[in-house]
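Sequential numbering of the sequence shown, starting at 1, is according to the UniProt record's numbering.
Heads up: the structure comes next, in structure tokens.
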Amino acid sequence: MRIQVFQHVPFEGPAHIGRWAAAKGYPVHITRLYDGMPLPDMGAFDFLVLMGGPMNIYDDDLHPWLPQERLFIQKALDGGKTVLGVCLGAQLLADALGSPVYRGEHREIGWFPVELIEQASSSALFADFPARFHAFHWHGDTFHIPAQALHIARNQACESQAFCWDDRVVGLQFHLESTTESVDLLLENCAHEIRQGPFMQYPDTIRELTARYLPQAQGILERLLDRLAG
1 MRIQVFQHVP
11 FEGPAHIGRW
21 AAAKGYPVHI
31 TRLYDGMPLP
41 DMGAFDFLVL
51 MGGPMNIYDD
61 DLHPWLPQER
71 LFIQKALDGG
81 KTVLGVCLGA
91 QLLADALGSP
101 VYRGEHREIG
111 WFPVELIEQA
121 SSSALFADFP
131 ARFHAFHWHG
141 DTFHIPAQAL
151 HIARNQACES
161 QAFCWDDRVV
171 GLQFHLESTT
181 ESVDLLLENC
191 AHEIRQGPFM
201 QYPDTIRELT
211 ARYLPQAQGI
221 LERLLDRLAG
């Protein structure tokens with residue numbers, strides 16, 4: 001299983017996805033789009049992972065690699081690749097599957113619960129997952145669930161928290177890949193986005209809850225990755 005990661009900013013890397021891949025012996029190649037690295041050959045990987053980032057998926061003027069990334073994702077979907085999108089990556093997948101991406105009603109930053117929708121159990125990827133668990137969030141944009149995809153999870157702040165398509169493509173608005181280090185990097189680089197609000201937590205609270213909820217989130221991620229890779 002050859003894993004290709006698209007990274008959009010220096011402080012949002014594969015985190016626990018990388019640890020899982022190393023434990024499995026799967027090679028990982030990271031394309032740092034923000035550094036101008038060229039896109040890979042479509043035959044060079046089996047599993048595409050799209051990481052997060054603070055930009056909007058349509059910020060082409062600010063990030064000139066975005067149009068080519070969107071085209072590449074469409075080709076990967078058409079070519080039968082396994083794809084996981086996280087946060088911005090999930091928004092890019094929603095766009096590729098024909099759904100709009102737009103500013104959400106609430107900005108969501110911190111550890112908040114998500115709930116699996118009953119129909120999620122019909123997916124082999126999510127069968128027997130916890131009905132409710134805490135995940136780390138850092139997003140302002142959201143999307144409609146693509147018409148042909150299965151809606152997997154929601155919460156009070158955001159209806160479109162997760163979806164899957166064809167049991168090989170998954171979009172997660174939240175960050176199951178988080179580690180203590182990756183959370184700290186987001187706090188170091190994006191803490192200016194935190195303000196008072198119903199779905200906002202301040203850094204001390206985020207760090208305290210990271211210690212509490214991280215092990216379960218990483219366990220859920222590993223189960224999902226095992227199934228996608230299988």
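Every residue gets a Cβ at the ideal spot worked out from N, C-alpha and C, and that includes glycine.
Fair warning: this is a prediction, and the values are worked out from it, not measured in the lab.
I'd like to know whether the C-beta atoms of residue i and residue j end up nearer to each other than 8 Å.
{"i": "V5", "j": "V49", "result": "yes"}
{"i": "Q68", "j": "L39", "result": "yes"}
{"i": "G140", "j": "R103", "result": "yes"}
{"i": "Q173", "j": "A90", "result": "yes"}
{"i": "V101", "j": "P54", "result": "no"}
{"i": "H106", "j": "G197", "result": "yes"}
{"i": "M42", "j": "G79", "result": "yes"}
{"i": "D95", "j": "I145", "result": "no"}
{"i": "Q216", "j": "I109", "result": "no"}
{"i": "T180", "j": "L209", "result": "no"}
{"i": "S160", "j": "A15", "result": "no"}
{"i": "L33", "j": "Q7", "result": "yes"}
{"i": "L66", "j": "V169", "result": "no"}
{"i": "A211", "j": "P203", "result": "no"}
Hey, residue i and residue j are a contact pair by Cβ (cut 8 Å); roughly how many whole angstroms apart?
{"i": "A149", "j": "L97", "result": "6 Å"}
{"i": "L116", "j": "I152", "result": "6 Å"}
{"i": "C87", "j": "W138", "result": "7 Å"}
{"i": "residue 232", "j": "T82", "result": "The chain is shown from 1 up to 230; residue 232 falls before or after that span and cannot be answered."}
{"i": "F126", "j": "A157", "result": "The Cβ separation is near 20 Å, so there is no contact."}
{"i": "residue 231", "j": "I206", "result": "Nothing can be reported for residue 231: it is not among the residues displayed for the chain, which extend from 1 to 230."}
{"i": "D46", "j": "R2", "result": "5 Å"}
{"i": "S99", "j": "F133", "result": "Contact doesn't hold; Cβ gap of about 25 Å is too wide."}
{"i": "D167", "j": "S123", "result": "6 Å"}
{"i": "L186", "j": "F11", "result": "6 Å"}
{"i": "W111", "j": "F136", "result": "6 Å"}
{"i": "L225", "j": "I17", "result": "7 Å"}
Go to residue i, then tell me how far its alpha helix (DSSP H) extends in each direction, as first and last residue.
{"i": "G89", "result": "88-96"}
Would DSSP call residue i helix, strand or coil?
{"i": "W65", "result": "coil"}
{"i": "C190", "result": "helix"}
{"i": "residue 231", "result": "Residue 231 cannot be examined here, being either before or after the span of the chain that is shown, 1 to 230."}
{"i": "E177", "result": "coil"}
{"i": "I30", "result": "strand"}
{"i": "I57", "result": "coil"}
{"i": "residue 234", "result": "Since the displayed the chain opens at 1 and closes at 230, residue 234 lies outside it and no answer follows."}
{"i": "S123", "result": "coil"}
{"i": "R195", "result": "coil"}
{"i": "L39", "result": "coil"}
{"i": "residue 232", "result": "The shown model of the chain, from 1 to 230, leaves out residue 232, and the question about it has no answer."}
{"i": "A21", "result": "helix"}
{"i": "D128", "result": "coil"}
{"i": "A76", "result": "helix"}
Terminal residues of the continuous beta strand (DSSP E) containing residue i?
{"i": "G219", "result": "Premise fails: G219 lies in the alpha helix (DSSP H), 203-229, not in any beta strand (DSSP E)."}
{"i": "R154", "result": "150-154"}
{"i": "A162", "result": "162-165"}
{"i": "G171", "result": "169-172"}
Considering only DSSP beta bridges, list what residue i is partnered with.
{"i": "D108", "result": "The residue you asked about is not Asp; residue 108 is Glu in the sequence shown. In DSSP, E108 forms a bridge with H139."}
{"i": "V101", "result": "F143"}
{"i": "I3", "result": "V28, F47"}
{"i": "F133", "result": "V114"}
{"i": "G85", "result": "L50, G171"}
{"i": "M200", "result": "I109"}
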